[in-house]
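Heads up: the structure comes next, in structure tokens.
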Amino acid sequence: MRVFHVVEQFSVRSETFIYDVICELDKEHANRIYTFNRLLAHERPYNKVVVHKMNFLLFRILYKLMKVLRVASVPYIGSIRREINEFKPQVIHAHFSSMGILVNRVVNNSKGKIPVLVSCHGSDVNTLPDGSKQILREFLELGKNDHVNFTAPSEFLKDKMISLGIPKNKIFVLSNSYKSHGYDRVAIHHNPNCYNLITVGRLIECKGFEYLIKAVAMSDAKIRLTIVGAGELEEQLKQQVSELNIGERVVFKGALKHQDVYNELRKADIYIQPSIIASDGAEESFSISTLEAMSLGLPIIASKVGGLPELLDFGNCGVLVEQKSEEKLHLAINKMEDYSLRLRYSQNAFDRAISFYTIDHQIDALNEIYLKLI
């Protein structure tokens with residue numbers, strides 16, 4: 001099968017899940033990627049990438065203008081159409097709803113409409129109700145096209161899409177996955193003198209790191225926290241750590257390569273995902289980082305938001321806490337000092353990851369979807 005992927009930027013560091021899936025698909029299908037900005041080419045090699053020649057900043061300006069004016073005749077239309085006509089795909093796979101809107105403008109102007117699969121991932125849906133009404137209208141227009149279908153990584157996001165107006169029968173739940181990279185399950189140690197916590201994610205509002213930092217400040221000195229990731233709130237969070245006088249207990253690692261993230265996870269005793277519903281509506285629809293921690297057998301503490309309860313089997317794989325509460329996080333950290341409890345959560349998390357969320361599971365499910373579309 002020939003699959004034409006459209007990704008705005010390939011490959012963003014936080015979007016390993018797209019890169020891994022396309023690489024796995026190469027074992028069975030002919031793939032081509034169309035992108036507007038090629039990133040991490042040495043770290044994530046892939047030779048079947050077409051990069052649009054327009055300056056990326058100029059593209060972003062024109063794309064935003066297109067959304068406002070509802071203009072389709074911007075330069076990328078002809079470029080994508082030429083690539084599609086040359087490649088002759090059986091399916092066009094748009095990654096994120098914005099790329100689905102873009103691709104649909106091309107396909108709608110074509111004689112033979114190729115099936116389009118739009119993979120929504122979270123932020124591209126969760127922020128729509130409070131965002132641009134124009135973008136929301138264009139997103140809902142996608143759902144009215146017979147040749148367009150969608151994937152969501154969780155039942156949570158599927159329900160959110162249905163509530164916005166996307167027909168239920170056009171949405172497939174396609175869970176995200178992890179790729180083991182050869183790492184074994186971690187050993188759960190019993191060391192009452194030190195507990196190493198870790199959290200991974202972009203340093204943005206919806207990750208809720210400010211509450212986790214407060215919880216660490218409330219905890220005993222034996223609690224240590226490693227934060228992996230970079231983002232707009234980095235300086236603010238570092239300032240918070242300094243003001244709480246816990247600089248010796250909190251380490252910021254910055255953005256790391258995927259392999260290095262796994263290396264940091266393997267040093268930890270507990271993984272924490274303190275996500276919140278942000279002021280713009282952004283919410284955790286799945287959490288790849290939490291899944292990767294589960295795949296190593298780390299016991300989990302996570303907020304009761306978005307798709308996190310679903311991922312953790314509604315509390316069987318870890319402690320679920322109310323969002324935006326350093327007190328609840330603090331109590332959960334104390335609860336995890338129970339070694340037998342950590343062992344149970346570790347086993348349950350590991351079993352769930354390997355039973356439902358390996359990349360082989362995702363590829364099998366995606367292949368079934370492709371076959372249904374053609």
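According to UniProt numbering, the sequence shown is numbered sequentially starting from 1.
Backbone N, C-alpha and C fix where the C-beta goes; we use that ideal spot for every residue, glycine too.
None of these values were measured; they are calculated from a predicted model.
From the DSSP output, in three-state form, read off E141 for me.
Position 141 of the sequence shown holds residue 141. Residue state, collapsed to three classes: helix.
Whose CA, out of T226, E205 and E264, lies closest to the CA of Q236?
Here residue 236 refers to the residue found at position 236 when the sequence shown is read from its first residue. The shortest Cα separation from Q236 among T226, E205 and E264 belongs to E205.
Tell me which residues share the same chain as M99 and place their Cβ nearer than 8 angstroms to its Cβ, disregarding the 5 neighbours each side in the sequence.
Sequence index remark: in the sequence shown, residue 99 carries index 99 (1-based). Closer than 8 angstroms at Cβ, skipping near neighbours: V6, V7, E8 and V118.
Where I374 falls, given that 16 or more other Cβ within 10 Å makes a residue buried
By 1-based counting over the sequence shown, the position of residue 374 is 374. Classification of I374: exposed, given that the 10 Å Cβ count is below 16.
How would you write the range of the beta strand (DSSP E) that F4 sits in, first residue to last?
On the sequence shown, residue 4 is found 4 positions in, with the first residue counted as 1. From DSSP, the beta strand (DSSP E) with F4 extends over R2 to F10.
Under a three-way DSSP split, which group does A365 fall into?
Here residue 365 is taken as the residue at index 365 of the sequence shown, counted from 1. Of the three classes helix, strand and coil, the one that applies to A365 here is helix, per DSSP.
Considering only the beta carbon of each residue, do T35 and F4 sit closer than 8 angstroms?
Indexing the sequence shown from 1 puts residue 35 at position 35. Indexing the sequence shown from 1 puts residue 4 at position 4. Cβ distance not < 8 angstroms, so T35 and F4 don't count as in contact.
Keeping to the same chain, check which residues put their C-beta closer than 8 angstroms to that of residue 400; ignore five residues upstream and five downstream.
Only positions 1 to 374 of the chain appear in this structure, which leaves residue 400 out of reach.
Would you identify the three-state DSSP class for V148, choosing helix, strand or coil?
By 1-based counting over the sequence shown, the position of residue 148 is 148. The answer is strand: DSSP assigns V148 an E or B state.
Between the stretch 254-264 and the stretch 306-315, can you find at least three pairs of beta-carbon atoms closer than 8 angstroms?
no
In three-state terms, what does DSSP make of A332?
Here the question's residue 332 lines up with position 332 in the sequence shown. Here A332 carries a helix assignment [DSSP, helix/strand/coil].
Cβ neighbours of Y188 in the same chain (closer than 6 angstroms, five flanking residues each side left out)
For the purposes of this step, residue 188 is taken as residue 188 along the sequence shown, with counting starting at 1. What sits at residue 188 in the sequence shown is Ile, not Tyr. Cβ neighbours of I188 beyond the five flanking positions: R342, L343 and S346.
In the DSSP assignment, the beta strand (DSSP E) including A278 goes from what residue to what residue?
Within the sequence shown, numbered from 1, the residue matching residue 278 stands at position 278. Note, A278: premise wrong, no beta strand (DSSP E); not H, not E.
Residue from H52, V228 and I84 whose Cα sits closest to the Cα of F266
As a working mapping, residue 266 is identified with position 266 in the sequence shown. In the sequence as presented, Phe is not what sits at residue 266; that position holds Arg. Measuring from the Cα of R266, the nearest candidate turns out to be V228.
Rounded to whole angstroms, what is the Cα-Cα separation between L142 and S163?
As a working note, residue 142 is residue 142 in the sequence shown. As a working note, residue 163 is residue 163 in the sequence shown. In a straight line, the C-alpha of L142 is about 15 angstroms away from that of S163.
Would you mind working out which of E210, E248, K27 and L212 sits nearest Y221, comparing C-alpha positions?
Locating residue 221 in the sequence shown gives position 221, where the first residue counts as 1. In the sequence under discussion, the amino acid at residue 221 is Ala, which differs from the Tyr named in the question. Taking only the C-alpha atoms, the option nearest A221 is E248.
If you compare alpha carbons, which of Y183, I272 and R185 is closest to T226?
For this step, residue 226 is matched to residue 226 along the sequence shown. Here the closest residue by C-alpha is I272.
Inter-residue spacing [alpha-carbon to alpha-carbon] between I171 and H190
Here residue 171 refers to the residue found at position 171 when the sequence shown is read from its first residue. Here residue 190 refers to the residue found at position 190 when the sequence shown is read from its first residue. Approximately 44 angstroms between the Cα atoms of the pair.
L39 to E15 span [Cα, whole Å]:
Here residue 39 refers to the residue found at position 39 of the sequence shown. Here residue 15 refers to the residue found at position 15 of the sequence shown. Each residue's Cα considered, the two are about 11 angstroms apart.
Using the C-alpha atoms, what's the distance from G201 back to I288?
Sequence index remark: in the sequence shown, residue 288 carries index 288 (1-based). Sequence index remark: in the sequence shown, residue 201 carries index 201 (1-based). For I288 and G201, the distance between alpha carbons rounds to 9 angstroms.
What is the rounded straight-line gap between the Cα of L102 and the Cα of V321?
Start at 1 with the first residue of the sequence shown, and residue 102 comes out as number 102. Start at 1 with the first residue of the sequence shown, and residue 321 comes out as number 321. Approximately 39 angstroms, taken between the alpha carbons.
Local Cβ density within 10 Å of N31, reported as buried at 16 or more and exposed below that:
Stepping through the sequence shown from its first residue, residue 31 is reached at position 31. Buried: at least 16 other Cβ atoms inside 10 Å.
Near G254, which residues of its chain fall below 6 angstroms by C-beta distance, leaving aside the five closest residues on each side in sequence?
Here the question's residue 254 lines up with position 254 in the sequence shown. Cβ within range, chain order: A230.
Tell me which residues share the same chain as V50 and place their Cβ nearer than 6 angstroms to its Cβ, disregarding the 5 neighbours each side in the sequence.
The residue labelled residue 50 in the question sits at position 50 within the sequence shown. Y34 and E83, listed in sequence order.
Straight-line Cα distance separating S295 from N149
Indexing the sequence shown from 1 puts residue 149 at position 149. Indexing the sequence shown from 1 puts residue 295 at position 295. A direct Cα-Cα distance of roughly 30 angstroms separates N149 from S295.
Does the beta-carbon distance from N145 to A282 come in below 8 angstroms?
Locating residue 145 in the sequence shown gives position 145, counting from the first residue. Locating residue 282 in the sequence shown gives position 282, counting from the first residue. Not a contact, by the Cβ cut-off of 8 angstroms.
Go to residue 387, then tell me how far its beta strand (DSSP E) extends in each direction, as first and last residue.
The chain is shown only over 1 to 374; residue 387 falls outside these bounds and no answer can be derived.
Please state the DSSP three-state secondary structure of I300.
The residue given as residue 300 occupies position 300 in the sequence shown. Reduced to three states, the DSSP call for I300 is strand.
So G122 and L157 are in contact, right, with Cβ under 8 angstroms, and what is the actual spacing, rounded?
In the sequence shown, the residue the question calls residue 122 occupies position 122. In the sequence shown, the residue the question calls residue 157 occupies position 157. Sure, about 6 angstroms apart at Cβ, within 8 angstroms.
Spatial distance of E24 from N47 (CA atoms):
Within the sequence shown, numbered from 1, the residue matching residue 24 stands at position 24. Within the sequence shown, numbered from 1, the residue matching residue 47 stands at position 47. Straight-line Cα distance between these residues: approximately 14 angstroms.
With a cut-off of 8 angstroms on the beta carbons, I'd call L329 and A217 a contact; round off their distance for me.
Sequence index remark: in the sequence shown, residue 329 carries index 329 (1-based). Sequence index remark: in the sequence shown, residue 217 carries index 217 (1-based). The Cβ separation is near 11 angstroms, so there is no contact.
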